[in-house]
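772 is the number that the numbering used here gives the last residue of the sequence shown; the numbers go up by one with no jumps. For each residue, glycine too, the CB sits at the ideal point set by N, CA and C. A short worksheet on the structure shown next.
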Amino acid sequence: MQQAEIRVRGRVQGVGFRPAVWRLAQQLGLHGDVRNDADGVLIHVAGGDAAIDELLERIQREPPPLARIDRIERRRTDATCPSGFRIVESIGGPARTQIAPDAALCAECAREVLDPDDRRHRYPFATCTHCGPRLSIVRGVPYDRATTTLAPFPLCAECRCEYSDPADRRFHAEALACAACGPRARLFPADVAGDAVAAAAALLQRGNILAVKGLGGYQLACDATNADAVARLRAAKQRDRKPFALMARDLDVIRRYCPVDAMEARLLTSPEAPIVLLRADGCALPENVAPGLTTLGFMLPTTPLHLLLLHAMERPVVMTSGNLTDAPQIIDDAEALERLGGVADHVLTHDRGVATRIDDSVVRVVAGAPRVLRRARGYAPAAITLPRGFADAPDLLAVGGELKATFCLLKDGQAILSQHIGDLEDAATFDDYRHMIAHYAALFDHSPAVIAADPHPDYLAAKYARETGLKLIEVQHHHAHVAACLAENGRTIDAPPVLGIVLDGLGWGEDGTLWGGEFLLADYRMSRRLGTFKPVAMPGGAAAVREPWRNLYAHLLAADVPSFGIPSDKPCTLIETMIRNGVNAPLASSCGRLFDAMAAALGICSDRQGYEGEAAMRLEALACEQTLRAAGDGYPMAVSHWIDPRPMWHAVADDLARGTSPAVMAARFHLGLAAAVTSMACALAGQAHFDTVALTGGCLQNAILLEHTQRRLREAGFAVLTHSIVPANDGGLALGQCAVAAARLIAA
Ligand code: ZN
Ligand code: ZN
Ligand code: FE
């Protein structure tokens, strides 16, 4: 007989950890207890040495589905345990443990909801320990029913039995509920009797637009095969071209529109259940679902409510966030009725509150790995364990960038990256961002002494950081991109520098100009610019970001190529004067603007982009596998101390004169860029010592560019680091800022 104390750290609360330990202890005949506390789970155990060993081993081998164990420590104690094994109620105290992300409906709950003999048949809020809402309903810690938006719903006798029985799948499932005691769905206008969800499903089938209160906020839905309904939704939402996400009942329905490979199917059916971007060449859905694109974003039902809504539907539905243009997704019921009531024909709502607004995540499989493009529901706020060497860093907050904003807390060597919040230029989004920072600080008991930010003088996040009065560490935009890539790849703090290749839109450079196509020799602490794209004017500044023709004009002028592809109503003489005199035409070494210029040359979004990145996404969609095979080496670009695309513009002009198809030209552009970037890396390897390259920046969400650049760099002998769990775009900046600031503090 001996006594031991076992400490388990990680995501171990609210995921069924204590009952799993209880069941194992029963089987192994051990005595003692298990409890949640501020550090995670604490187990006191008495029994034979071999049985305690086995308990430890099995906890690690078969943890509950949503648990993530970071560390287990065991030590001997003299404290005697009472006989039997029991689960001790939670106690408060400073939180140092993790809040789990929201998890999609599990298979068992789905089966119960569809089973006419089950007591939760057709109940839209069924959940258990292995699935359901977490972050979206949490108001405080420790994670307990009383601190969630389920607090106003006292459990009925049957639910209480399930909640109190360690052998039950719903033991301490804080969000559990049933039709007798839990939240209820309601349909507005209230002209239907009976099952609100069934009535809503019928309305959806008949072509109506529905506002639906989902997990992390309201969504807007309509039949995706109904072009009129989709057009009505676009008009009402004031969103003319940005692609809509889709939801389908099951994989079979998705496969009618897109091929789904094994990795994509695994992502779709995972507890994270993101939107997965799938290839959809010649797809039968109306063009206005995703105008000009050859990918569709699909997800499966993430809650019982969604399952019930779609169960009878053989067709996919549009499921987009419930907001107008770029405002934050609506979570408040009164606001939804008022503002979405005019957009939607009906509103399907319910009385379970949303504590934290959270959007759907977006993932795409590229070059054999999942790439998170938008990290939100299902992923946030799962902690990212920083590589060895970061454990000693003090707590800090990194505030991220301006577009696709996220922030990141550093605590005990763990990086807690927030969910995608949106573009801070929108005032309501900026409010939400500040509110969310405060919410996370409370949830994670985080009070940083240091704050990390982008040095851009106009970024609202950076202004926010300066106003806190905390010790400020500024991290250059593209250095942060590289550091995010290093951190998620587990690169240790003292590893030698890599060549960071940052193919990006725009970021504030060290010299006060705009950068965006950079070759940086970098580790966590420092970065040195070895190479860049040749800077080209952005006539009109911010206007050039919205209007691709401006970039085309500037590039053609720089290349001394007679202009083409410029819409006839544009003030070219004025623009030329602006560029020549350097008036409101800042120079930028941006890869993103090069994409815009090339898209404009092919007549894509030349006049205006409907959303950020549209021109580049449509350019990518043009180049298919056949044209990539037929495109040869791609367009020539001169590589010296910078990448100079001027030779390309001559070749593009020749191709246009020859009547070359836009698809071939788009392919040549991508291949030429991948080749130029690789030549640059090879040339720089002669000047500085590195054997590893990190590929990052918003342009590397482009599958063709990522795939071809990675392959060529590997063929040239480099080890290549890429993004997978953190976005390559500005959504990953906060993680990089966090790592750089921590590394500098540890060095100091
Ligand atoms: Zn479940
Ligand atoms: Zn109940
Ligand atoms: Fe960026």
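Check	Outcome
Return the bridge partner residues of residue 359 from the DSSP annotation.	DSSP output for residue 359 lists no bridge partner at all.
Quick one: does the C-beta of residue 533 sit closer than 6 Å to a heavy atom of ligand 3?	no
Excluding the 5 residues flanking residue 119 on each side, which residues of the same chain have their C-beta closer than 6 Å to its C-beta?	Model confidence at residue 119 stands at a pLDDT of 47, short of 50, so the residue's coordinates are unreliable; what they give is reported in the following sentence. Only 62, 165, 469 meet the Cβ criterion.
Taking 7 Å as the cut-off, decide whether the C-beta atoms of residue 474 and residue 502 are in contact.	no
In angstroms with no decimal places, state the Cα-to-Cα distance between residue 562 and residue 594.	15 Å
Three Cβ pairs or more, each shorter than 8 Å: is that satisfied between the segment 160-175 and the segment 80-99?	no
Any heavy atom of ligand 1 closer than 6 Å to the Cβ of residue 130?	yes
Three-state secondary structure (DSSP) at residue 711?	coil
Roughly how many whole angstroms lie between the Cα atoms of residue 766 and residue 418?	7 Å
Examine the Cβ distances between the segment 531-550 and the segment 570-581 and report whether three or more of them are shorter than 8 Å.	no
Spatial neighbours of residue 755 within its chain, please: C-beta separation below 7 Å, excluding the five flanking residues on both sides.	398, 399, 428, 430, 444
Residues in its own chain within less than 7 Å of residue 304 by CB, not counting five upstream and five downstream?	281, 282, 318, 319, 320
With a cut-off of 7 Å, does the C-beta of residue 472 fall near any C-beta of chain B?	Considering every chain present, this structure includes no chain B. It has just one protein chain.
Are the CB atoms of residue 509 and residue 718 nearer to each other than 7 Å?	yes
Quick one: using the 10 Å Cβ neighbour count with 16 as the cut-off for buried, is residue 683 buried or exposed?	exposed
In chain order, what residues of the same chain lie with their CB nearer than 7 Å to the CB of residue 22, ignoring the 5 residues before and after it?	Here the chain comprises residues numbered 25 to 772, so residue 22 is not present and cannot be evaluated.
Does the beta carbon of residue 196 fall short of 6 Å from some heavy atom of ligand 1?	no
Helix or strand or just coil, what does DSSP make of residue 247?	strand
Residue 112: buried (16+ other C-beta within 10 angstroms of its C-beta) or exposed?	exposed
Name the residue from 372, 278, 389, 292 whose alpha carbon lies nearest to the alpha carbon of residue 401.	292
Any residue with its C-beta under 7 Å from a non-hydrogen atom of ligand 2 counts. Can you list them all in chain order?	179, 180, 182, 183, 201, 202, 204, 205, 206
Write down every uninterrupted run of the beta strand (DSSP E) in the segment 504-564 whose length is 3 residues or greater and which is fully enclosed by it, in chain order.	522-532, 538-546, 551-557
Any chance the segment 148-156 sits against the segment 194-203, with 3 or more Cβ pairs inside 8 Å?	yes
Below 8 Å on the Cβ atoms is my guess for residue 125 versus residue 158; work out the distance and round it to an integer in Å.	6 Å
Residue 754: beta carbon under 6 Å from a heavy atom of ligand 4?	Inclusion of ligand 4 in the displayed structure is not the case, the ligand content consisting of ligand 1, ligand 2 and ligand 3 alone.
When you compare the CB positions of residue 759 and residue 519, do they come within less than 7 Å of one another, or not?	no
When DSSP labels each residue in this structure, what does residue 91 get in the three-state scheme?	coil
What's the gap between the Cα of residue 228 and the Cα of residue 219?	14 Å
Report the rounded CA-to-CA distance for residue 441 versus residue 761, giving the unit in angstroms.	11 Å
Measuring alpha carbon to alpha carbon, tell me which residue in 691, 736, 234, 154 is nearest residue 703.	736
Run through DSSP, which three-state label would residue 119 get?	Low local confidence applies: a pLDDT of 47 at residue 119 is under 50, so the model's placement there is unreliable, and no value is given.
Sorry if obvious, but does the Cβ on residue 715 come closer than 6 Å to a heavy atom of ligand 3?	no
Looking only at its chain, what residues have a beta carbon closer than 6 Å to the beta carbon of residue 648, apart from the 5 residues adjacent to it on each side?	none
Which whole-angstrom value is the C-beta distance of residue 651 and residue 698, which I expect to be below 8 Å?	In fact, because the Cβ distance is near 15 Å, the residues do not count as touching under 8 Å.
Three-state secondary structure (DSSP) at residue 82?	helix
In this structure, does DSSP put residue 753 in helix, strand or coil?	coil
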